[in-house]
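> I am attaching a structure below and will ask some questions about it afterwards.
2 protein chains.
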Amino acid sequence: MPKIVDHDQRRSEIVEAFLSVVARKGLPAATSRAIAAELGVGTGALWHYFDGFDAVTAAAYKRVTERTNERIAGASTGLRGLAAVDAMMHEILPLAKETLDEAQVVVGFWGRLAANETLSAAEADVSDMWGGRLRDHLHEAVDDGDLASGTPVDGIVDLLLSISVGQQVHAVMATPLLDPARQLALIEQCLSPWRRTPRQPGETVTR
Amino acid sequence: MPKIVDHDQRRSEIVEAFLSVVARKGLPAATSRAIAAELGVGTGALWHYFDGFDAVTAAAYKRVTERTNERIAGASTGLRGLAAVDAMMHEILPLAKETLDEAQVVVGFWGRLAANETLSAAEADVSDMWGGRLRDHLHEAVDDGDLASGTPVDGIVDLLLSISVGQQVHAVMATPLLDPARQLALIEQCLSPWRRTPRQPGETVTR
Chain F
1 MPKIVDHDQR
11 RSEIVEAFLS
21 VVARKGLPAA
31 TSRAIAAELG
41 VGTGALWHYF
51 DGFDAVTAAA
61 YKRVTERTNE
71 RIAGASTGLR
81 GLAAVDAMMH
91 EILPLAKETL
101 DEAQVVVGFW
111 GRLAANETLS
121 AAEADVSDMW
131 GGRLRDHLHE
141 AVDDGDLASG
151 TPVDGIVDLL
161 LSISVGQQVH
171 AVMATPLLDP
181 ARQLALIEQC
191 LSPWRRTPRQ
201 PGETVTR
Chain U
1 MPKIVDHDQR
11 RSEIVEAFLS
21 VVARKGLPAA
31 TSRAIAAELG
41 VGTGALWHYF
51 DGFDAVTAAA
61 YKRVTERTNE
71 RIAGASTGLR
81 GLAAVDAMMH
91 EILPLAKETL
101 DEAQVVVGFW
111 GRLAANETLS
121 AAEADVSDMW
131 GGRLRDHLHE
141 AVDDGDLASG
151 TPVDGIVDLL
161 LSISVGQQVH
171 AVMATPLLDP
181 ARQLALIEQC
191 LSPWRRTPRQ
201 PGETVTR
C-alpha cells in the first residue's frame with residue numbers, strides 16, 4: 001500500500017511542477033526537461049510515472065479541472081440562484097492570472113486531444129457536471145423570482161457552457177474578447193433578457 | 001517571377017495535402033510523412049517550403065479560415081439581416097463533415113499556439129472580421145424591424161464570437177453540445193429575446 005501512495009504522490013508532484021512552470025514561464029517553457037529540473041531529477045525519471053508527455057498534459061488538464069471545482073466549491077458556499085451562477089462563472093472564465101495560466105493548459109490539452117484520439121478517454125465530462133450545477137442554480141433563480149418563469153434554462157446552460165470553452169481559446173489567442181469586462185458582459189447578455197428586475201448599473205453580486 | 005509563383009503553388013499544395021489527409025483519416029494521421037506521401041515526395045522536400053510542422057499547421061489554419069470566408073460569401077450573397085447572420089453561422093459552426101474536419105485543424109492549431117508564442121503572429125484577426133460583419137447584419141435586422149430597436153447588438157456579436165470558438169472545441173471533445181440541433185439552438189437563444197415576431201416552430205430561414 002505505501003508503494004501505491006508514493007506513486008500517486010510522485011505523479012501529483014510532477015503535475016504540480018508542470019503547472020508551476022506554466023505559471024512562471026508559460027506553456028511553451030513547460031517541457032519535460034523543465035519539469036524534471038523543477039523537481040531536481042533526470043528527465044527519464046518522469047517516465048516511471050507517465051507514459052509520455054501527452055499523459056502529463058492530460059493529468060495537468062484533470063488537475064486544473066479539480067482546482068477549478070475546488071474554487072467553485074469555496075466561492076459558492078451558501079450561495080444559490082444567480083449569485084451561485086455568477087460565482088461559478090468567475091472561477092471558470094479566464095479573468096485573472098491564475099485562470100489565464102489555466103487557459104493555456106486546457107487549450108494546449110485540447111490541441112493534443114485533436115491530434116491524439118487516445119487522449120479523449122482521459123477527458124472527464126466537465127461540461128456535463130458544470131451544466132448540471134448551472135441548471136440547478138438557474139432553476140433556483142426562477143423559483144426565487146429573480147428570473148422570469150418562462151426562462152429557457154436549458155438553452156442558457158448550453159450558452160454558458162459554450163462560452164466557458166470559447167473564452168479559454170480567446171484568452172490564448174489574446175483577442176479583444178479577453179477583456180474581463182467584456183467576458184463578464186457575456187454572462188449578463190445571456191441572463192438579462194430573463195431578469196425579473198433589471199440589474200442596476202455597477203451593481204455587483206454579493207459574494 | 002515564375003519562381004515565386006511556383007513556391008506559393010507548392011506551399012498551397014502542401015497545405016491542401018495536409019487538409020486532405022485530415023479529411024480522410026483525421027488530424028492524428030496528418031503527419032509530415034503522410035503529407036509527403038500524399039504528394040509523392042520525400043519528407044525533406046516539405047522543409048524547402050515551410051520552417052517546420054508548426055508553420056504547416058499555421059498555414060492550414062489560415063486556409064481553413066479562407067475556405068470558411070469563401071463559403072460565407074457564397075451562402076450570404078443577396079442576404080441581409082438575420083438571414084445573413086444565419087448563413088454565416090451555418091458555415092462557421094461545426095455542423096457537418098467539412099466543418100467538423102476543420103474544427104480538428106483549428107483546435108490543433110490553437111493548442112500549438114498555446115505552446116508556441118511565435119505562432120500567434122500568424123493568427124489573422126478572424127474574430128474582428130467576423131464580428132464586424134455580424135454587427136452590420138444585426139443592425140440591418142434592427143433597421144428591417146426583425147429585431148427590436150433596443151437590441152444590444154454588440155453584446156450579441158460577442159456571444160456569437162465566443163460560441164463560434166467554443167463549439168470548435170466541443171466538436172473535438174465530442175461533448176453532447178456537438179449535436180447540430182443544439183448548436184443551432186445556441187444562435188436562436190442569443191436572438192430570440194430580441195425578435196420582434198417570434199419564430200414559428202420548424203420555421204427555417206430562406207437561403
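Taken in sequence, the protein lines are chains F and U.
Start counting the first sequence at 1; every next residue gets the next number (the UniProt record's numbering).
Start counting the second sequence at 1; every next residue gets the next number (the UniProt record's numbering).
Where a beta carbon is used, it is the ideal one built from N, C-alpha and C, also for glycine.
Using a C-beta to C-beta distance shorter than 9 angstroms, which residues of chain F count as neighbours of residue 208 (chain U)?
Outside the displayed span of chain U (1 to 207) sits residue 208 (chain U), for which this structure offers no information.
> Going by DSSP, what residues sit across from Arg11 (chain F) in a beta bridge?
The count along the first sequence starts at 1 and reaches residue 11 (chain F) at position 11. For Arg11 (chain F), which the question treats as bridged, DSSP gives no partner whatsoever.
> For Gly166 (chain U), count the other beta carbons within 10 Å of its own beta carbon; 16 or more makes it buried, fewer makes it exposed. Which is it?
Your numbering for residue 166 (chain U) matches position 166 in the second sequence. Buried, by the Cβ-count rule.
> State the beta-bridge partners of Leu147 (chain U) as determined by DSSP.
As a first step, residue 147 (chain U) must be located in the second sequence, where it is residue number 147. U:Arg195.
> Please classify Asn69 (chain U): does DSSP put it in a helix, a strand, or coil?
Mapped onto the second sequence, residue 69 (chain U) falls at position 69. Of the three classes helix, strand and coil, the one that applies to Asn69 (chain U) here is helix, per DSSP.
> Whose Cβ in chain C lies nearer than 7 angstroms to the Cβ of Arg112 (chain U)?
Absent from the structure: chain C. Protein chains present are F and U.
> Within 10 Å of its beta-carbon, does Ser12 (chain F) have 16 or more other beta-carbons around it, so buried, or fewer, so exposed?
Numbered from its first residue, the first sequence carries residue 12 (chain F) at position 12. Classification for Ser12 (chain F): exposed.
> Does the segment 179 to 196 of chain U touch the segment 18 to 37 of chain U, meaning 3 or more C-beta pairs lie closer than 8 angstroms?
Counting Cβ pairs under 8 angstroms, fewer than three are found: no touch.
> For a cutoff of 8 angstroms on Cβ pairs, would you count Val85 (chain U) as touching chain F?
Reading the second sequence from its first residue, position 85 is the one you call residue 85 (chain U). Cβ-Cβ to chain F under 8 angstroms: no for Val85 (chain U).
> Near Glu123 (chain U), what residues of its chain come up, given a Cβ to Cβ distance below 6 angstroms and the 5 sequence neighbours on each side ignored?
The count along the second sequence starts at 1 and reaches residue 123 (chain U) at position 123. Note that Glu123 (chain U) scores a pLDDT of 47, beneath 50, so its modelled location is shaky and nothing firm can be said.
> Would residue 220 (chain F) pass as a contact of Arg112 (chain F) if the rule is Cβ separation under 8 angstroms?
Here chain F comprises residues numbered 1 to 207, so residue 220 (chain F) is not present and cannot be evaluated.
> Residues in the segment 172 to 184 of chain F with C-beta within 9 angstroms of chain U's C-beta atoms, listed in sequence order?
Per Cβ criterion, the list reads Val172, Met173, Ala174, Thr175, Pro176, Leu177, Arg182, Gln183.
> Rounding to the nearest angstrom, what Cα-Cα distance links Gln189 (chain U) and Glu102 (chain F) in this structure?
Position 189 of the second sequence holds residue 189 (chain U). Position 102 of the first sequence holds residue 102 (chain F). When rounded, the distance between both Cα atoms is 29 angstroms.
> Which stretch, first to last residue, makes up the alpha helix (DSSP H) that contains Gly155 (chain U)?
Sequence index remark: in the second sequence, residue 155 (chain U) carries index 155 (1-based). Gly155 (chain U) -> alpha helix (DSSP H) spans 153 to 173.
> Using 10 angstroms around the beta-carbon of Gly150 (chain U), count the other beta-carbons present and answer buried if the total reaches 16, otherwise exposed.
On the second sequence, position 150 is the one that residue 150 (chain U) refers to. Gly150 (chain U) is exposed by the Cβ-count criterion.
> What is the rounded straight-line gap between the Cα of Gly26 (chain U) and the Cα of Ala37 (chain U)?
Counting from one through the second sequence, the residue named residue 26 (chain U) turns up at place 26. Counting from one through the second sequence, the residue named residue 37 (chain U) turns up at place 37. Rounded to whole angstroms, Gly26 (chain U) to Ala37 (chain U) spans 16 angstroms at the Cα level.
> Report yes if the CB atom of Leu100 (chain F) is closer than 8 angstroms to the CB atom of Ala29 (chain F), and no otherwise.
Locating residue 100 (chain F) in the first sequence gives position 100, counting from the first residue. Locating residue 29 (chain F) in the first sequence gives position 29, counting from the first residue. Their beta carbons are not under 8 angstroms apart, which means Leu100 (chain F) does not touch Ala29 (chain F) by this criterion.
> Looking at chain F, which residues of the UniProt domain "HTH tetR-type" (8 to 68) of chain U have a Cβ within less than 8 angstroms of any of its Cβ atoms?
Going along the UniProt domain "HTH tetR-type" (8 to 68) of chain U in chain order, one finds Gly26, Leu27, Pro28 with a Cβ nearer than 8 angstroms to chain F.
> Does the pairing of the segment 172 to 189 of chain F with the segment 83 to 102 of chain F give three or more beta-carbon distances under 8 angstroms?
Touching, yes, given that three or more Cβ pairs across the two stretches are closer than 8 angstroms.
> Specify the secondary structure class of Pro94 (chain F) as computed by DSSP and reduced to three states.
For the purposes of this step, residue 94 (chain F) is taken as residue 94 along the first sequence, with counting starting at 1. In this structure, Pro94 (chain F) counts as coil in the three-state DSSP scheme.
> Mind checking whether Val142 (chain F) and Val126 (chain F) have CB atoms under 8 angstroms apart?
Here residue 142 (chain F) is taken as the residue at index 142 of the first sequence, counted from 1. Here residue 126 (chain F) is taken as the residue at index 126 of the first sequence, counted from 1. Against a cut-off of 8 angstroms, the Cβ pair of Val126 (chain F) and Val142 (chain F) comes out as no contact.
> Can you list the residues of chain F that Val165 (chain U) reaches, using a CB-CB cut of under 7 angstroms?
For the purposes of this step, residue 165 (chain U) is taken as the residue at position 165 of the second sequence. The contacting residues are Gly166, Val169, His170.
> Can you list, in chain order, the residues of its chain whose CB lies under 7 angstroms from that of Leu79 (chain U), leaving out five sequence neighbours each side?
The sequence position of residue 79 (chain U) within the second sequence is 79, counting from 1. The answer, listed in chain order, is Ala87.
> Between Ala96 (chain F) and chain U, is the shortest Cβ-Cβ distance under 8 angstroms, so that the two count as touching?
Mapped onto the first sequence, residue 96 (chain F) falls at position 96. Chain U, which has no Cβ nearer than 8 angstroms to the Cβ of Ala96 (chain F), makes this no.
> At a CB-CB cut-off below 7 angstroms, which residues of chain F make contact with Ala115 (chain U)?
For the purposes of this step, residue 115 (chain U) is taken as residue 115 along the second sequence, with counting starting at 1. Those are Leu27, Pro28, Gly108, listed as they occur along chain F.
> At 7 angstroms on the CB atoms, spell out the chain U contacts of Ser127 (chain F), in chain order.
Counting from one through the first sequence, the residue named residue 127 (chain F) turns up at place 127. Residues of chain U passing the Cβ test: Thr175, Leu177.
> Taking just the CA atoms, how far does Leu46 (chain U) sit from Ile14 (chain U)?
Here residue 14 (chain U) refers to the residue found at position 14 of the second sequence. Here residue 46 (chain U) refers to the residue found at position 46 of the second sequence. The alpha-carbon atoms of Ile14 (chain U) and Leu46 (chain U) are separated by roughly 7 angstroms.
> Helix, strand or coil, according to DSSP, for Pro180 (chain U) in the structure here?
Within the second sequence, numbered from 1, the residue matching residue 180 (chain U) stands at position 180. Three-state DSSP puts Pro180 (chain U) in a helix.
> How is Thr57 (chain U) classed by DSSP in three states: helix, strand or coil?
Numbered from 1 along the second sequence, position 57 holds the residue referred to as residue 57 (chain U). It is helical.
> Going by CA-CA distance only, name the one from F:Phe109, F:Ser76, F:Ala23 that's closest to Ala59 (chain F).
The residue given as residue 59 (chain F) occupies position 59 in the first sequence. Comparing Cα positions, the closest option is F:Phe109.
> What residue range is occupied by the uninterrupted alpha helix (DSSP H) comprising Leu39 (chain U)?
Walking along the second sequence from the start, residue 39 (chain U) turns up at place 39. From DSSP, the alpha helix (DSSP H) with Leu39 (chain U) extends over 32 to 39.
> Which class does Arg133 (chain F) belong to by DSSP, given the choice of helix, strand or coil?
In the first sequence, residue 133 (chain F) corresponds to position 133, counting from 1. In this structure, Arg133 (chain F) counts as helix in the three-state DSSP scheme.
> Would you grab the beta carbon distance between Val56 (chain F) and Phe50 (chain F) for me? Rounded to a whole angstrom, and I think it's under 8 angstroms.
Stepping through the first sequence from its first residue, residue 56 (chain F) is reached at position 56. Stepping through the first sequence from its first residue, residue 50 (chain F) is reached at position 50. Rounded, the Cβ-Cβ distance is 5 angstroms, consistent with contact.
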